[in-house]
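For the sequence shown, position 237 matches number 531 in this note's numbering, and the numbering has no gaps at all.
Cβ atoms here follow ideal geometry from the backbone N, Cα and C, with glycine treated the same way.
Here is the structure we will look at, set down as structure tokens.
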Amino acid sequence: MDFAQFPFISSLPIVSKAETRSISAENPTGKKGEGAQAIPDKLSGASKLGVGWKVRPYIDLPKEDIVTLADIKGPGIIQHIWITVDKIAYRDCIVRFFWDNEKFPSIEVPLGDFFVNGHGLRYNVNSFMIAVNPSGGFNSYWPMPFKERALIIIENQRSEDIPGFFYQITYSLIDIPENAAYLHAQWRRTVTTRNYPEHIILDNIKGLGHYVGTMLAWIQLSDSWWGEGEVKFFIDGDTANPTICGTGTEDYFGGAWCFGETYSTTFLGYPLSKKEPGEVPKHGLYRWHVLDPIRFKTDLRVTIQALGLWPNGKYQPLTDDISSVAYWYQMEPHSQFPELNSLEERWSR
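See the structure below:
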């Protein structure tokens, strides 16, 4: 494989014939030499400066409508996505990515959750694949190769317009190796029960690929410690017993001994621990399997238990509210996702 086709640090000195393009409100098609053409009106900040001076830096998202952010003819690879918008859009807007003219999306996630901002809240994330910077600057560095077409849309499911949606999608037009898989991401939400204290992060994945990341938005519905549960990976035909079984929630996310404090690092983090008077506690966590991807050949299922501790030290099954995003690469076609929760079912408590 020609490593110049991918923007890894080790290949930075290697010259490539790739063509760099970028889509934004100032150049919605990303075509060469077609940016900064909007004509300012009298209300524009550039009205006294004219064409080319920050005339159209953002768009508005119409209520209950879908907007196409990018429609790119391949082959190519998306390298960086930057977005900022009011946090009312975080759970109420859905981003969907379609690769190579597929009917069903490979990525279908509420906007904030894709960028590790769960619960409809805004908080900073300092990691390799996702960075969220003050005040709500969303950045994705997940490489997203495609061979024929990349279509990215956003749906505003609110009953009102959302003004001021800023975005920039940077990509390279270049041949993609046959063995390059496609990025997928799926959102799920569960209110666990004492009889079945388990959240399914991912299920019914069929094909060849590797799992690369987990994001959790955990709402704690009881007092005391909540993260005793194990993360399990059922790989290539596993049934009752998983191939990979962790030792606890804080262990999987790289912490220890009930966390104690928040942190945000290159590949794993616990950037949110929020407990305000009159509110239920909320937690945000992520782990990127970039250097340790979970490989699968035929199928994959991922779960996490919701366990705490009784005063006598025995494990307590918890009724908690858990949302997750699973990130993985696989060869197409992929299994159709479960129907996404409705707008009301996505709202945080």
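* Asked: For the putative contact between GLU320 and GLY329, defined by C-beta atoms under 8 angstroms, what is the C-beta separation to the nearest angstrom?
  -> As a position in the sequence shown, residue 320 is number 26, starting the count at 1. As a position in the sequence shown, residue 329 is number 35, starting the count at 1. Confirmed, about 5 angstroms.
* Given that a residue counts as buried once 16 or more other Cβ atoms are within 10 Å of its Cβ, and exposed if not, what is TRP551? -> If you number the sequence shown from 1, residue 551 lands on position 257. Exposed: under 16 other Cβ atoms inside 10 Å.
* To do: Would you kindly check if the distance between the Cβ of GLY370 and the Cβ of TYR465 is under 8 angstroms?
  => Along the sequence shown, one-based indexing puts residue 465 at 171. Along the sequence shown, one-based indexing puts residue 370 at 76. In this structure, GLY370 lies closer than 8 angstroms to TYR465 by Cβ.
* Determine the direct distance from the alpha carbon of GLN630 to that of PRO491, and round the result to whole angstroms. => For the purposes of this step, residue 491 is identified with residue 197 of the sequence shown, where counting begins at 1. For the purposes of this step, residue 630 is identified with residue 336 of the sequence shown, where counting begins at 1. One C-alpha to the other measures close to 26 angstroms.
* To do: Using alpha carbons as the reference points, say which of PRO605, VAL619, GLN599 lies closest to THR613.
  => Within the sequence shown, residue 613 is the residue found at index 319, counting from 1. Answer by Cα proximity: GLN599.
* Can you name, in chain order, every residue of its own chain whose Cβ lies under 7 angstroms from the Cβ of GLY501, other than the five neighbours on each side? -> Along the sequence shown, one-based indexing puts residue 501 at 207. So the qualifying residues of the chain are GLN624, MET625, HIS628.
* Asked: Taking only beta-carbon atoms, is ALA330 less than 8 angstroms away from chain E?
  -> Protein chains in the displayed structure number just one, and chain E is not present.
* Could you check the C-alpha separation between PHE392 and LEU405 for me, to the nearest Å? => Numbered from 1 along the sequence shown, position 98 holds the residue referred to as residue 392. Numbered from 1 along the sequence shown, position 111 holds the residue referred to as residue 405. C-alpha separation (whole angstroms): 15 angstroms.
* Quick one: is GLN299 buried, meaning 16 or more other Cβ sit within 10 Å of its Cβ, or exposed? -> Within the sequence shown, the letter at position 5 stands for residue 299. In this prediction, GLN299 scores a pLDDT of 47, lower than 50, which makes its location untrustworthy; no coordinate-derived value is stated.
* Start-to-end residues for the alpha helix (DSSP H) that takes in GLU449 -> By one-based count along the sequence shown, residue 449 stands at place 155. Not the alpha helix (DSSP H): GLU449 falls in the beta strand (DSSP E), residues 443–450.
* ASP359: buried (16+ other C-beta within 10 angstroms of its C-beta) or exposed? -> For the purposes of this step, residue 359 is taken as residue 65 along the sequence shown, with counting starting at 1. Under this definition ASP359 is an exposed residue.
* Asked: Taking the C-alpha atoms as reference points, what is the distance between TYR580 and PRO322?
  -> Along the sequence shown, one-based indexing puts residue 580 at 286. Along the sequence shown, one-based indexing puts residue 322 at 28. About 31 angstroms.
* **Beta-carbon contacts of PHE528 that lie in its chain and below 6 angstroms, excluding the five residues immediately before and after** => Translated into positions along the sequence shown, residue 528 becomes position 234. For PHE528, where only same-chain residues beyond five positions count, the Cβ hits under 6 angstroms are PRO536, ARG595.
* Count the other CB atoms, across all protein chains shown, that sit within 10 Å of the CB of LEU585; report buried if there are 16 or more and exposed otherwise. => As a working note, residue 585 is residue 291 in the sequence shown. Exposed, by the Cβ-count rule.
* Rounded C-alpha distance that separates ILE375 from ALA475 -> For the purposes of this step, residue 375 is identified with residue 81 of the sequence shown, where counting begins at 1. For the purposes of this step, residue 475 is identified with residue 181 of the sequence shown, where counting begins at 1. The alpha-carbon atoms of ILE375 and ALA475 are separated by roughly 19 angstroms.
* May I ask which residues mark the beginning and end of the beta strand (DSSP E) holding GLU492? => Reading the sequence shown from its first residue, position 198 is the one you call residue 492. From DSSP, the beta strand (DSSP E) with GLU492 extends over 492–500.
* To do: Could you pull the start and end residues of the alpha helix (DSSP H) that ALA364 belongs to?
  => As a working mapping, residue 364 is identified with position 70 in the sequence shown. Not the alpha helix (DSSP H): ALA364 falls in the beta strand (DSSP E), residues 359–367.
* **Sequence-distant residues of the same chain with beta carbon closer than 8 angstroms to GLY458, five excluded per side** => Counting from 1 along the sequence shown, the entry for residue 458 is found at position 164. Same-chain partners within the cutoff: TYR352, ASP354, VAL379, ASP380.
* To do: Please classify PHE300: does DSSP put it in a helix, a strand, or coil?
  => The count along the sequence shown starts at 1 and reaches residue 300 at position 6. Caution applies to PHE300, whose pLDDT of 49 falls short of 50 and renders its modelled position unreliable; the value that the coordinates give is listed next. DSSP places PHE300 in coil when its eight states are reduced to three.
* Got a sec? Which residues, its chain only, sit under 8 angstroms from THR362 by beta carbon, not counting five neighbours each side? -> On the sequence shown, position 68 is the one that residue 362 refers to. For THR362, where only same-chain residues beyond five positions count, the Cβ hits under 8 angstroms are LEU445, ILE446, ILE447.
* Asked: Taking the alpha-carbon positions, what's the ASP394 to PHE440 distance?
  -> Taking the sequence shown and counting its residues from 1, the one referred to as residue 394 is at position 100. Taking the sequence shown and counting its residues from 1, the one referred to as residue 440 is at position 146. Distance between the alpha carbons of ASP394 and PHE440: 7 angstroms.
* Taking buried to mean at least 16 other C-beta atoms within 10 Å of its own C-beta, is GLU633 buried or exposed? -> Here residue 633 refers to the residue found at position 339 of the sequence shown. GLU633 comes out exposed.
* To do: Could you tell me whether the segment 602–612 touches the segment 518–532, using the rule of 3 or more Cβ pairs below 8 angstroms?
  => yes
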